[in-house]
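Note sheet for the following structure.
Number of protein chains: 2
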Amino acid sequence: MKAVCLVSGGMDSAVALAEARAAGFRTFALTFDYGQRHRLELDAAARVASALGAAEHRVVKVDLSAIGGSALTDAIDVPKDRPIESMSAGIPATYVPARNTVFLAVALGWAEVVGARDLYLGVNAVDYSGYPDCRPEFLEAFERLARVATVAGTERGERFAIHAPLLEMSKADIVRRGMELGVDFGLTHTCYDPREAIACGRCDACRLRLRGFEEAGLRDPLRYAAP
Amino acid sequence: MKAVCLVSGGMDSAVALAEARAAGFRTFALTFDYGQRHRLELDAAARVASALGAAEHRVVKVDLSAIGGSALTDAIDVPKDRPIESMSAGIPATYVPARNTVFLAVALGWAEVVGARDLYLGVNAVDYSGYPDCRPEFLEAFERLARVATVAGTERGERFAIHAPLLEMSKADIVRRGMELGVDFGLTHTCYDPREAIACGRCDACRLRLRGFEEAGLRDPLRYAAP
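Here the protein sequences line up with chains S and U, keeping their order. All residue numbers for the first sequence refer to the working numbering, where the first residue is 6 and numbers rise by one. All residue numbers for the second sequence refer to the working numbering, where the first residue is 6 and numbers rise by one.
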């Protein structure tokens, strides 16, 4: 049993990869070099895939900066020091239009090539409620699309399952679950705006991560520039 | 009114772009550099976008060769001299897994950025019946996905329309319609296996194109190595 797993280098996708392994899948880790500012993620993804025993790890270049529209790929400032409560109000500047649609589409292509029918991704509807492509409706619509977009689906009636095991979990739940599954969070990278491999501690991603560890009563092994 | 139009450099997408213009859209032409062997397509796409008055033309790199699985991106031979009747039996080696899913996903992202709600592509269910992602069911499933994958869809209930004006047309119909719309087919590139910018005349794509011109009673302005 094979699964293609989206691995960004962040903590959520590391836990999702660990879930796929725990479910008995041979994992095919897929990472995107999409013109993101935070390229340290790519190194983190390779470390995570290796540490969690992925059968293969591929990095696919998808130049989303060519279409612009996000602080992560475009010349828009990364928001800092925002209260966590305000993050879910409206769409943050770090939203990359159609990112998960693009990533799942490539994952679906690789799944066809290697013969996997299961796709794992670490999206989370609690902390990222502002992102439309992190919602259950989106994942269900993609499952339906996968059936008609593939040879396996159209010729042999096979189904693809999109697994988002962290969808309903809080960041603290994710930290705890990752610990149970043996994820080394020190290998992961989360910050949207790191300086020399040190996390800023102030962007939305750092703040959510730090609060997750705090609420789980655990210490984040990463180094931060700001408390 | 804006439309994002997939423009490959081939004749079908050139006619689809011309249809978008004829329908009154300001067109945003989108081309993919996806590791295809036939890179002459990219030059053709730029010529076509310019000749048909696209407001913008972007080339997005998406390295589908990293996931392999196709004669167009991988070390698999391009089939030659196949009878046209046999092309629709089974999936040809030139099928790129999930290619249209990936392309439409990026197009959807760009549509969000520029404020377009209409996407045009030149897929055709008649000649390419072997490709799952050239079927009406696929396009409908993608429309449903677009509604839940975007901010415009989830926050404001807006709909995206996927237009495939050539879906039910024969190659001869496409040639005739392109002529009506003023498409210069001499700017387009079709061959899967060209040598020094000259089409082979023997791959599936060349054979379908040549038969289309023949059935339309028109002369293809391109040069071919084989009759």
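By construction, the Cβ of each residue, glycine as well, lies at the ideal position given by its N, Cα and C atoms.
Contact with chain U is found for Gly73 (chain S), since one of that chain's Cβ atoms lies less than 7 Å from the residue's Cβ.
Excluding the 5 residues flanking it on each side, Gly191 (chain U) has same chain C-beta neighbours closer than 7 Å at Pro226 and Leu227, in chain order. Contacts between Lys66 (chain U) and chain S, judged by CB atoms closer than 7 Å, involve Lys66 and Asp68 in chain order.
DSSP places Phe218 (chain U) in the uninterrupted alpha helix (DSSP H) bounded by Asp209 to Ala221. For Thr36 (chain S), the enclosing beta strand (DSSP E) has its first and last residue at Arg31 to Asp38. For Gly114 (chain U), the nearest CB of chain S lies under 7 Å from its own CB, placing it at the interface with that chain. Using a Cβ-Cβ cut-off of 7 Å, Glu163 (chain U) does not count as an interface residue toward chain S, since no Cβ of chain S sits closer than that to its own.
Taking 8 Å as the upper bound for CB-CB distance, Leu22 (chain U) and Ala59 (chain U) are in contact here, some 7 Å apart.
For Tyr125 (chain U), the pairing in a beta bridge is given by DSSP as U:Cys10 and U:His168. Residues of the region 12 to 35 of chain U with a Cβ closer than 7 Å to any Cβ of chain S: none. Contact annotation: Arg63 (chain U) and Ala71 (chain S) have beta-carbon atoms nearer than 7 Å. Ala130 (chain U) has a beta carbon lying at 7 Å or more from every beta carbon in chain S. Rounded to the nearest angstrom, the gap between the Cα atoms of Tyr197 (chain S) and Cys208 (chain S) is 6 Å. DSSP lists S:Ala34 as the bridge partner or partners of His62 (chain S). Here DSSP, grouped into helix, strand and coil, assigns Val188 (chain U) to coil.
For Glu163 (chain U), the closest alpha carbon among the candidates U:Leu171, U:Glu61 and U:Arg152 is that of U:Arg152. For Ala166 (chain U), no chain S residue has a Cβ inside 8 Å of its Cβ, as the nearest lies near 16 Å away. Interface annotation, Leu150 (chain U): in contact with chain S, CB-CB separation under 7 Å. Approximately 3 Å separates the beta-carbon atoms of Ala103 (chain U) and Gly114 (chain S); this is inside 8 Å, confirming the contact.
In terms of beta-carbon proximity, Arg122 (chain U) stays away from the interface with chain S, with every pair separated by 7 Å or more. With its beta carbon less than 7 Å from one in chain S, Glu142 (chain U) belongs to the interface.
Nearest in C-alpha terms to Ala56 (chain S), of all of S:Thr193, S:Arg216 and S:Gly29, is S:Thr193. In the three-state DSSP reduction, Ala146 (chain U) falls in the helix class (H, G or I). Between the region 156 to 171 of chain S and the region 11 to 28 of chain S, the count of Cβ pairs shorter than 8 Å is three or higher; the stretches touch.
Checking the DSSP bridge columns, you'll see Ala204 (chain S) partnered with S:Tyr229. Scanning chain S for C-beta atoms nearer than 8 Å to the C-beta of Val188 (chain U) yields nothing, as the closest lies near 25 Å away. Interface criterion met: the Cβ of Val118 (chain U) is under 7 Å from a Cβ in chain S.
About 36 Å separates the beta carbon of Ala166 (chain S) from that of Cys205 (chain S), a gap too long to meet the 8 Å contact definition. One alpha carbon belongs to Ser18 (chain U), the other to Glu148 (chain S), and they sit about 27 Å apart.
In this structure, the beta-carbon distance from Val111 (chain U) to Val107 (chain S) falls below 7 Å. Neighbourhood of Asp138 (chain U) in chain S, by CB distance below 7 Å: Ala154, in chain order. Within the region 99 to 111 of chain U, contact with chain S at the beta-carbon level (separation under 9 Å) is assigned to Tyr100, Val101, Pro102, Ala103, Arg104, Asn105, Thr106, Val107, Phe108, Leu109, Ala110 and Val111. Cα atoms of Ile179 (chain U) and Gly217 (chain U): separation of roughly 8 Å, rounded to the nearest angstrom.
As the crow flies, the alpha-carbon of Ala221 (chain S) is around 53 Å from that of Glu46 (chain U). Pairing Glu117 (chain S) with Val156 (chain S), the inter-Cα distance amounts to about 8 Å. Residues of the same chain with their beta carbon placed closer than 8 Å to that of Ala146 (chain U) are lacking, with the five preceding and five following residues left out of the count.
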